[in-house]
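Protein chains: 2
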Amino acid sequence: MSAEPTRVRGRRPPQGDPVVDRAFALLAAFDAGHRSLTLGELSRRSGIPTSSTLRLAGRLMAWGALERGADGRFTIGLRLWEVASLAPRGQGLKQVALPFMGDLEEVTRQHVLLAVREGTEALLVERLSAHQAMDVLYRVGGRLPLHSTGVGLVLLAFAESSFQESVLVQPLTHMPENTPVSPAALRRTLAEIRRDGLATFRRRAPQPLVSVAAPIFAADERVVAALSVVVPQEHAEPRLLGPAVRTAARAISRGLGARRAIGAPPA
Amino acid sequence: MSAEPTRVRGRRPPQGDPVVDRAFALLAAFDAGHRSLTLGELSRRSGIPTSSTLRLAGRLMAWGALERGADGRFTIGLRLWEVASLAPRGQGLKQVALPFMGDLEEVTRQHVLLAVREGTEALLVERLSAHQAMDVLYRVGGRLPLHSTGVGLVLLAFAESSFQESVLVQPLTHMPENTPVSPAALRRTLAEIRRDGLATFRRRAPQPLVSVAAPIFAADERVVAALSVVVPQEHAEPRLLGPAVRTAARAISRGLGARRAIGAPPA
DNA sequence: AGGCACAATGCCGCTCAATGGAAAACAACT
DNA sequence: AGTTGTTTTCCATTGAGCGGCATTGTGCCT
Numbered sequence: 007m008s009a010e011p012t013r014v015r016g017r018r019p020p021q022g023d024p025v026v027d028r029a030f031a032l033l034a035a036f037d038a039g040h041r042s043l044t045l046g047e048l049s050r051r052s053g054i055p056t057s058s059t060l061r062l063a064g065r066l067m068a069w070g071a072l073e074r075g076a077d078g079r080f081t082i083g084l085r086l087w088e089v090a091s092l093a094p095r096g097q098g099l100k101q102v103a104l105p106f107m108g109d110l111e112e113v114t115r116q117h118v119l120l121a122v123r124e125g126t127e128a129l130l131v132e133r134l135s136a137h138q139a140m141d142v143l144y145r146v147g148g149r150l151p152l153h154s155t156g157v158g159l160v161l162l163a164f165a166e167s168s169f170q171e172s173v174l175v176q177p178l179t180h181m182p183e184n185t186p187v188s189p190a191a192l193r194r195t196l197a198e199i200r201r202d203g204l205a206t207f208r209r210r211a212p213q214p215l216v217s218v219a220a221p222i223f224a225a226d227e228r229v230v231a232a233l234s235v236v237v238p239q240e241h242a243e244p245r246l247l248g249p250a251v252r253t254a255a256r257a258i259s260r261g262l263g264a265r266r267a268i269g270a271p272p273a
Numbered sequence: 007m008s009a010e011p012t013r014v015r016g017r018r019p020p021q022g023d024p025v026v027d028r029a030f031a032l033l034a035a036f037d038a039g040h041r042s043l044t045l046g047e048l049s050r051r052s053g054i055p056t057s058s059t060l061r062l063a064g065r066l067m068a069w070g071a072l073e074r075g076a077d078g079r080f081t082i083g084l085r086l087w088e089v090a091s092l093a094p095r096g097q098g099l100k101q102v103a104l105p106f107m108g109d110l111e112e113v114t115r116q117h118v119l120l121a122v123r124e125g126t127e128a129l130l131v132e133r134l135s136a137h138q139a140m141d142v143l144y145r146v147g148g149r150l151p152l153h154s155t156g157v158g159l160v161l162l163a164f165a166e167s168s169f170q171e172s173v174l175v176q177p178l179t180h181m182p183e184n185t186p187v188s189p190a191a192l193r194r195t196l197a198e199i200r201r202d203g204l205a206t207f208r209r210r211a212p213q214p215l216v217s218v219a220a221p222i223f224a225a226d227e228r229v230v231a232a233l234s235v236v237v238p239q240e241h242a243e244p245r246l247l248g249p250a251v252r253t254a255a256r257a258i259s260r261g262l263g264a265r266r267a268i269g270a271p272p273a
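If you read the sequences in order, they're chains A and B.
Heads up: the first sequence begins at 7 in the working numbering, then just goes up one per residue.
Heads up: the second sequence begins at 7 in the working numbering, then just goes up one per residue.
This is how it looks when you write it as structure tokens:
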């Protein structure tokens, strides 16, 4: 009966995720270490078959979410950057903060960081660094741990307590040194930060440094971001840095519409 | 015959664009004047029926491309900003340029702009502005005309000649004043810019200002961006600004890997 | 408090856009 | 010319996406 070889081409394969999710999976295949990808890499990293990857990537290119160089490698497109710059917690925040960050940088001549909380990490929204500043730690758009950076501690200290607990439950370590963090000590640190409206974080490795961070309040009186300066240990005069950071943070809060923007305890 | 009311629910409606295009149409519904949208607004601005908009927006939220506030309004999500920050022509460029832009700002105490070409316009990648600087003109992520801004003229002057012609063919006007641009004069201006590696653009309204711009070269020796300072007319000493901008632009080019980065004519 | 307009969400049966394996075209190596 | 890996084209199938409609929620003007 099967004289004819009956083409089995066309049998619809089992499907994966919905199209939209796949499209964004393509975008998520890019990271700091992989800013440009070939079709094959894109396919492997996103887990989508090559042919589907090509079809989808083609659509993303047509819109401008991806670009393709002369060598055939894909990169994130400028059109995506353009709409993404409308993110209130990204560019919107940065726009208000940047001039004040510039002031801080001029005074300290080191690094000035602006970060927000995203999930269980801090996301670096902006960084100003003088030429003569110490080696760079984090890049803009990158993620920082909440429990072992100045900005992270501030964001954690002013987060909802339910979220704090979920973080404190997990085992935490300071990363380059790989030393464990005591939950009790961290709890005490967070209380101090809330009391002072200021966090001071010291790190030994890779270089000894001090980070002084303060919260930034939005119009609804909640903490939306953290501002900090990072200076080398020997350079440090935290007693002088504290007021400077707090003042800048307060100025930014006022720029965001906060009225009673705190930064110091009522008494 | 039609005794039964025969439910016509379910008849598949005529479809619009493919899903992926629609998803990005949702993102494109946001702009500088509309950073947050209700479901209805999002639906109207993207041309997608409400129910479909809700379903799609839900998926975008699950991924983090959109966020929804307590008031039900949608905004661009931070996760999108995060991947978009990997765009080589956006953040990548900015990362190299920022320190040198900072130097320029400190000297001039006014605006420093960094822009790339995107389609027939310039896209503002970064802007530094001192507090005491004159009123702000453009925002980061916004678009500028090629033919009536300093950075735009540089990008146009160093673009492929086929593209230049396509621009020169169209009728152009300087915008706030609404005066027409003479193609012959523009052609001469572009030739001068190529010769000098420097553009000087003056504008009367809304305030008299001078913009001095220089090209930034990438590793392949092509112009990928333009750098400029914008200062008020009375303040201006273009003879001094020129070398400063050119030096900074050259430093950035070198940072991008350009070896023979020009900025002045060979002789 | 009733009526009106608009916004947001839930529901569901129909179909066509999206699907991935196969194979061809292309490239870069021996 | 053979081997290996990447990119692109082709296509028969089918479940994910479709939007009209109904319902509920929310302000605003009588």
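Just so it is clear, CB atoms sit at the ideal spot from N, CA and C, and this is done for glycine as well.
A quick note: this is a predicted structure, and the numbers were derived from the prediction, not measured.
Three-state secondary structure (DSSP) of residue i
i, result
"B:Asp-37", "strand"
"B:Thr-44", "coil"
"B:Ala-225", "coil"
"A:Pro-238", "strand"
"A:Leu-215", "strand"
"A:Arg-201", "helix"
"B:Ala-257", "helix"
"B:Ala-250", "helix"
"A:Leu-262", "coil"
"A:Ala-93", "coil"
"B:Arg-193", "helix"
"A:Arg-209", "strand"
Minimum Cβ-Cβ distance from residue i to chain B less than 8 Å
i, result
"A:Met-7", "Only weak support exists for where A:Met-7 lies, its pLDDT of 39 falling under 50; the value from the coordinates is given anyway. Not an interface residue."
"A:Phe-164", "no"
"A:Pro-55", "no"
"A:Leu-84", "yes"
"A:Ala-255", "no"
"A:Glu-240", "no"
"A:Val-122", "yes"
"A:Glu-88", "yes"
"A:Gly-98", "yes"
"A:Ala-34", "yes"
"A:Ala-231", "no"
Any chain A beta carbon closer than 8 Å to residue i
i, result
"B:Gly-46", "no"
"B:Asp-296", "Chain B is shown from 7 up to 273; residue 296 of chain B falls before or after that span and cannot be answered."
"B:Pro-94", "yes"
"B:Gln-194", "Per the sequence presented here, residue 194 of chain B reads as Arg, with Gln not at that position. So, not an interface residue."
"B:Ser-259", "no"
"B:Arg-51", "no"
"B:Phe-223", "no"
"B:Pro-244", "no"
"B:Asp-27", "yes"
"B:Ser-58", "no"
"B:His-137", "yes"
"B:Arg-228", "no"
"B:Val-146", "yes"
Close-in-space but distant-in-sequence residues of the same chain around residue i (CB under 7 Å, 5 per side omitted)
i, result
"A:Val-157", "Leu-119, Ala-121, Ala-128, Leu-150, Ala-219, Ala-232, Ser-234"
"A:Leu-86", "Gly-70, Ala-71"
"B:Gly-269", "Bear in mind that the predicted position of B:Gly-269 carries a pLDDT of just 47, short of 50, making it too unreliable to give a figure here."
"A:His-180", "Ser-154, Val-187"
"B:Pro-182", "Ala-211, Pro-212"
"B:Ile-258", "Val-102, Ala-103, Phe-106, Ile-222, Leu-233"
With 16 other Cβ atoms within 10 Å as the buried cut-off, status of residue i
i, result
"B:Leu-159", "buried"
"A:Pro-221", "buried"
"B:Ala-225", "exposed"
"B:Pro-94", "buried"
"B:Arg-65", "buried"
"A:Glu-3", "Look at the range of chain A in this structure, 7 to 273, and you will see that residue 3 of chain A is not part of it."
"A:Leu-97", "Per the sequence presented here, residue 97 of chain A reads as Gln, with Leu not at that position. Its Cβ being crowded by 16 or more others within 10 Å, A:Gln-97 is buried."
Same chain only: Cβ atoms within 6 Å of residue i, ignoring 5 sequence neighbours per side
i, result
"B:Glu-73", "Thr-81, Gly-83"
"A:Ser-188", "none"
"B:Ala-35", "Leu-48, Arg-51, Ser-52"
"B:Ala-163", "Leu-196, Ile-199, Arg-200"
Residues near residue i in its chain [Cβ-Cβ closer than 8 Å; skip 5 each side]
i, result
"A:Gln-116", "Ser-135, Ala-136, Ala-139, Met-140, Val-235, Val-236, Val-237, Pro-238, His-241"
"A:Val-113", "Ala-250"
Residue i Cβ short of 7 Å to the ligand FAD heavy atom set
i, result
"B:Ala-205", "Ligands in the displayed structure: none, and consequently the ligand FAD is not present."
Which whole runs of the alpha helix (DSSP H) in the segment 114 to 189 of chain A are 4 residues long or more, in chain order? 156 to 163, 167 to 175
At what residue ranges does the segment 53 to 91 of chain A contain a whole run of the alpha helix (DSSP H), taking only runs of 4 or more? 56 to 69, 84 to 90
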